[in-house]
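Residue numbers (the working numbering): 27 to 229.
Virtual Cβ for every residue (Gly too), placed ideally from N, Cα, C.
For reference, the structure is listed below as structure tokens.
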């Protein structure tokens, strides 16, 4: 018998990835070595992974009405992910600038979430039934924290297992932790949340 659905609140961004020998200085133009355009966003990536693993997955977000929104919907359809999308014509679908330095492999990233930054507690209330129906609810911090908090509150009250991926790292209200069954920071996020330097897996 199939398990209960996975519901994920988060952001889709179109990743625009550039590779060059070095990053240009302000006011400078340089030639790059390669470019790739593809789907991204932590929440969207999680939804795609869950969908490909066969989970009944729904992704809740806002998108603009543009070519990047079409990319998002095609990506989810191909992965078997249901989309609970709030179309937002007054804004744009998110995008990310990703620069990779060929010589070192280091990267620099700018994320502009666009319409997803307009996700509000009212949007979450409008989809409360979806969240309550889940077996697992997952969110991150790429959309407004107030929306994540409201969704976690609804999920917790309904007895849904809750997972918070605290990325990007941010100062969080203490009450958010009581709403989470699992918190999944990486090393940088763990340092930000605890104030303890992480230098090994044991830390």
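Considering only their Cβ atoms, is the gap separating residue 72 from residue 164 smaller than 8 Å?
yes
Helix, strand or coil at residue 94 according to DSSP, with G and I counted as helix
helix
Out of curiosity, what's the CA-to-CA distance linking residue 189 and residue 54?
43 Å
If you check the beta carbons only, do residue 159 and residue 65 fall under 8 Å apart?
no
Alpha carbon to alpha carbon, how far is residue 198 from residue 104?
35 Å
With H, G and I counted as helix, E and B as strand and the rest as coil, what does DSSP make of residue 27?
Model confidence at residue 27 stands at a pLDDT of 36, short of 50, so the residue's coordinates are unreliable; what they give is reported in the following sentence. Coil at residue 27, not helix or strand.
Am I right that residue 33 and residue 86 are in contact with their C-beta atoms under 8 Å? What's the rounded C-beta distance?
7 Å
Among residues of its own chain, excluding the 5 on either side of residue 217, which ones have a beta-carbon nearer than 7 Å to its beta-carbon?
223, 224
Buried or exposed by the 16-neighbour rule on C-beta atoms within 10 Å, applied to residue 212
exposed
Taking contact to mean 3 or more Cβ pairs, one atom from each stretch, closer than 8 Å, check whether the region 125-137 and the region 92-99 are in contact.
no
Can you check DSSP and say which residues form a bridge with residue 203?
According to DSSP, which records beta bridges pairwise, residue 203 is partnered with nothing at all.
Classify residue 191 as helix, strand or coil using the three-state DSSP reduction.
coil
Applying the criterion that 16 or more other CB atoms from any shown protein chain within 10 Å of the CB defines a buried residue, is residue 70 buried or exposed?
buried
As an exercise, report each continuous alpha helix (DSSP H) stretch of at least 4 residues that is fully enclosed by the region 87-155, in chain order.
93-105, 147-152
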